[in-house]
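**Q** Pasting a structure below so you can have a look.
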Amino acid sequence: MSKPIDLKNANWATIRQVLFEWLTGLAVLFALVWLGEWLSSLLGHALPGSILGMLLLTALLQFKWLPLHWVQRSSLFFNRWMSLLFIPVGVGLVDHLSVLHSALLAIIATCVFATLVLLALCGWASQWWFRRHPNEAAPELDTASANGNAQMKANLNNEGRAND
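For the sequence shown, the numbering used here assigns the number 1182 to the initial residue and increments by one for each residue that follows.
Here's what the structure looks like:
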């Protein structure tokens, strides 16, 4: 995991290394987005290029063709500031409120339908998985839950005694 550096106590070599890691990750991420846009245009824009770029990034990381440390520092930066990056999108939505009002019922229906389908698919997939892999049901969760309940009871008993 990339560690934040203390700029006051860092030497120039450390700052240069962090800057290089950040710029390398930025270049890789932008290259994958550009490649996704290019693939999207080849496919007739069936999927957005940014989604294809994320799928490419996921595949490259999953198959270990791309080292995680190449994109980790830049990814952490973008995740930290993601909410700020949504502001232009929100302003764009406000500019097109008339379009939203005309399609509001369809948007709400689509969101509700997609949520229900996703919940059903996740439930079905988890049931299917645990039927096929019964020994992988995370027994440590049961132990942690039991320990947590015992600790909670002890805390409640101690609070009751303190109030007496």
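Ideal placement from N, C-alpha and C gives every residue a C-beta, glycine not left out.
(1) If we define contact as Cβ-Cβ less than 8 angstroms, is residue 1299 a contact residue for chain D?
(2) Which of the three DSSP states, helix, strand or coil, is assigned to residue 1215?
(3) Below 8 angstroms, can you find three or more Cβ-Cβ pairs linking the stretch 1245-1252 to the stretch 1200-1219?
(4) At which residues does the alpha helix (DSSP H) containing residue 1260 begin and terminate?
(5) From the DSSP output, in three-state form, read off residue 1228 for me.
(6) According to DSSP, is residue 1201 helix, strand or coil?
(7) Check the C-beta distance from residue 1210 over to residue 1237 and give it rounded, since I have them as a contact under 8 angstroms.
(8) Measure the C-alpha to C-alpha separation of residue 1347 and residue 1287 and round it to an integer number of angstroms.
(9) If distances are taken between C-alpha atoms only, which option among 1298, 1258, 1266 comes closest to residue 1202?
(10) Please state whether DSSP places residue 1282 in a helix, a strand or coil.
**A** A quick look at the data gives this:
(1) Checking the listed chains, one finds no chain D in this structure; it contains a single protein chain.
(2) helix
(3) yes
(4) 1249-1261
(5) coil
(6) helix
(7) Actually they are not in contact, since the Cβ atoms of residue 1210 and residue 1237 sit about 10 angstroms apart, beyond 8 angstroms.
(8) With the chain represented from 1182 up to 1345, any question about residue 1347 goes unanswered, as that position is not in the structure.
(9) 1258
(10) helix
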